[in-house]
Amino acid sequence: MKSSVLGLWGVFLIGSHVNAFVPRSRITTYPSLVTKGKDFLYLSDRAEHVSKGPHTRLQVSKNDNTPEPSISWFWKCCLPLWFVYISNQWSRSSLYYLVDFSADAQAFSAMNVDIGFSQVQYGLLASLAFTALFAVASLGAGIAADRFNRKQLTIASAFVWSAATIGTSLADSFQLVLGCRVLMGLACAFSTPTAYTLLRDRVTRDRQATASSIYGTGVALASGLSSLTLLLDESVGWRSSLDVVGGFGVLATALTVFLLDDDTERNQEKHLNSKEESISLKTDSDDPFSQIGSDIASVLSSERARWIFLGSFLRFSSGLCIGVWAAPFFRMEFSDFQTEYAVAQALISAGIASMSGILGGATADWLSSRASEQEVQDNGGVRMWVPVIGSIVAAPAWFLAVQPDIPFESAMAWLAVEYLVAECWFGPTISTLQAAVGSNVGGTAQGMFTLTGAVGNLAPSVLGYLYGRSGGTNSDELSALLSSGVCFGYLSSALCFSLAAKPVTSKPKIEQS
């Protein structure tokens, strides 16, 4: 890791308080400002200057927020969180592969036959039962990540959704399945706000997008595991399949207990800081709703964060339309290639999407490092050019993939290109969002980001409504809706992301004694 050595004067100021290496790409220097005998040196987003009378000292976080100086961030933070994220995604999506509404479905492998629920009830389980509470809880989970021990939140939430998964396997009524599904939605909401803020605090800034992208590949790998759940279902039945999924979650929880560093010191320091702020600013800390509103306002005060939220909503909408409606389209369009499509989709979702995510994160970090070396004043948004370019190129690739009457091989080739360029967006976007807001509201920002994805679930419903109005039986009609709707989301999200990449002019803060 690139690092810089502080001068003797800087060492004298902070040497007795912290032993740290600060990456070169994280140093921003300003001309020395002398006010009432105070000299100001601005280091990074991890260091703050504190003015006490005629003296100035640098206060660097002495807790677990200090980024790991080597690859240990992967083993002690990213890896356990990655397994938890895989469990999260696998648990929530396994339901889709354990139902069968065909006339010859058997109770052994189809939970809807064994328990006895209809297509309408299945639609409730697959969407509203999970998404409604998940969306509401996402914001609360983000706020909790800013205030409580994130390791404990991660362990508790992973254990709860794993227990809900195993509880579903024991259910003998629709009401019990519904209750487990609602509980799962509540627990799953706590996964990403805690994880992304931990990655922000534990990973060096020049590896932020890479770490976020590695973590994000959990979605792609869970998608592949969910597809394999269909094979597991045929072998051991739906109940035992859910036991396997839940058991994986328990193992991921145990891995987190042993590998993930604790968060105690961060919360102790934040508690002390919040007490000092409440005294100096004479704020009413007993009003939680006022504090929550203040946190949300603090996040939205960043112009970059606002454009990221809007662009993410549009990008989520496009991705969710593909996730819900791509399979029905390709099955209608290529009815003689059912097996080939299933294999191709699994390889593209798990392999190419993961590769895109990792390459996108690495490219974003490289762009940020280059901008820092060239002493660009505001290089925080440069990572956003990765999702900008990815979304722009993904639009024509998707348009060509869903054109009627093209060969199956050509459609799958364009689908692979679309995944390769489109799925690079997540890591750079998350790392830029976390850098754009204060560290004390990073969890709130992540909860709001997750909420944009939950609201984006409306897009597939709108597309389905329009498809139903047009007849709902012709692949040509679905092709027109998919190509126009998804491409509009891609291109409009690229516009928003480009505005988020725009340099933001900020003035250094000067504290008066």
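According to mature numbering (1 follows the signal peptide of the UniProt record, and there is no 0), the residues represented by the sequence shown are -20 to -1, 1 to 493, in order.
C-beta: ideal position from N, C-alpha, C; glycine also.
Exercise for review: Take the Cβ of SER478 as the centre, count every other Cβ of all protein chains shown within 10 Å, and call the residue buried at 16 or more, exposed below.
Suggested key: Buried, since its Cβ has 16 or more Cβ neighbours within 10 Å.
Check your understanding: Which residues mark the beginning and the end of the alpha helix (DSSP H) in which GLN414 is found?
Key -> For GLN414, the enclosing alpha helix (DSSP H) covers residues 406 to 416.
Review point. How about ASP456 and PRO384: are their beta carbons less than 9 Å apart?
Key: For ASP456 and PRO384, yes; Cβs fall inside 9 Å.
Review point. Quick one: Cα of CYS476 to Cα of THR432, how far?
Key: Whole-angstrom Cα-Cα distance: 14 Å.
Practice item. Would you check if there are 3 or more beta carbon pairs closer than 8 Å linking the region 224 to 231 to the region 136 to 153? Key: Three or more Cβ pairs closer than 8 Å define a contact, and the region 224 to 231 meets that threshold against the region 136 to 153.
**Study point:** Reference PHE309, options TYR447, SER89, LYS56, LEU75, closest by Cα
**Key:** Checking every option, the nearest Cα to that of PHE309 belongs to TYR447.
**Study point:** First and last residue of the uninterrupted alpha helix (DSSP H) at PRO308
**Key:** Counted as a single uninterrupted DSSP element, the alpha helix (DSSP H) harbouring PRO308 occupies residues 283 to 313.
Point to revise | Alpha-carbon spacing of VAL79 relative to GLU353, whole angstroms | key: VAL79 and GLU353: Cα-Cα distance of roughly 54 Å.
Review point. Run through DSSP, which three-state label would VAL484 get?
Key: VAL484 sits in coil when the DSSP states are folded into three classes, being neither helix nor strand.
Exercise for review: Could you tell me the boundaries of the alpha helix (DSSP H) in which GLY204 lies?
Suggested key: Looking at the DSSP string, the run of the alpha helix (DSSP H) that includes GLY204 is 188 to 239.
Point to revise | Test item: CB-CB of THR430 and GLY165 under 9 Å | key: 9 Å or more divides the Cβ of THR430 from the Cβ of GLY165.
Point to revise | Burial state of PRO60 (16 or more Cβ within 10 Å) | key: PRO60 comes out buried.
Review point. Under a three-way DSSP split, which group does PHE110 fall into?
Key: PHE110 falls in the helix class under three-state DSSP.
Practice item. Entirely within the region 72 to 127 and at least 4 residues each: give me those alpha helix (DSSP H) ranges in chain order. Key: List check, alpha helix (DSSP H) in window: 99 to 106, 108 to 127.
Exercise for review: Return the first residue and the last residue of the alpha helix (DSSP H) that ALA377 is part of.
Suggested key: Taken as a continuous stretch (DSSP letters only), the alpha helix (DSSP H) holding ALA377 covers 365 to 381.
Point to revise | Other residues of its chain near ILE66: CB distance less than 6 Å, five sequence neighbours each side excluded | key: Residues of the same chain with a CB within less than 6 Å of the CB of ILE66, apart from the 5 flanking positions on each side, are GLY198, LEU201, ALA202 in chain order.
Practice item. Can you give me the start and stop residues for the alpha helix (DSSP H) that GLN354 sits inside? Key: Counting along the chain, GLN354 falls outside any alpha helix (DSSP H), and DSSP gives it neither H nor E.
Exercise for review: Given a cut-off of 9 Å, decide if ALA480 and THR412 are closer than it, judged by their beta-carbon atoms.
Suggested key: Yes, the Cβ-Cβ distance between THR412 and ALA480 is below 9 Å.
Point to revise | C-beta contact flag for PRO483 and GLY407 at 9 Å | key: No; because the gap between Cβ atoms is not below 9 Å, this pair is not in contact.
Review point. Just the Cα atoms here: how many angstroms apart are ASN129 and ASP243?
Key: Looking at the two C-alpha atoms, the distance is approximately 5 Å.
Check your understanding: Are CYS301 and VAL466 closer than 9 Å when you measure CB to CB?
Key -> Yes. Within cutoff.
Check your understanding: GLU403 and SER336: beta carbons closer than 9 Å?
Key -> Yes, the pair counts as a contact, with Cβ atoms nearer than the cut-off.
Point to revise | Nearest-angstrom Cα separation, counted from GLU283 out to ALA151 | key: Near 48 Å, if we compare the C-alpha coordinates of GLU283 and ALA151.
Exercise for review: Look at the alpha carbon of SER192 and the alpha carbon of SER278, and state the distance between them as a whole number of angstroms.
Suggested key: If I take the Cα positions, the gap works out to 23 Å.
Point to revise | Residue closest to TYR102, alpha-carbon to alpha-carbon, out of PHE81, GLU389, LEU395 | key: Out of PHE81, GLU389, LEU395, PHE81 has the C-alpha closest to the C-alpha of TYR102.
**Study point:** For ARG449, the first and last residue of its enclosing alpha helix (DSSP H)
**Key:** Here the alpha helix (DSSP H) through ARG449 covers 438 to 449.
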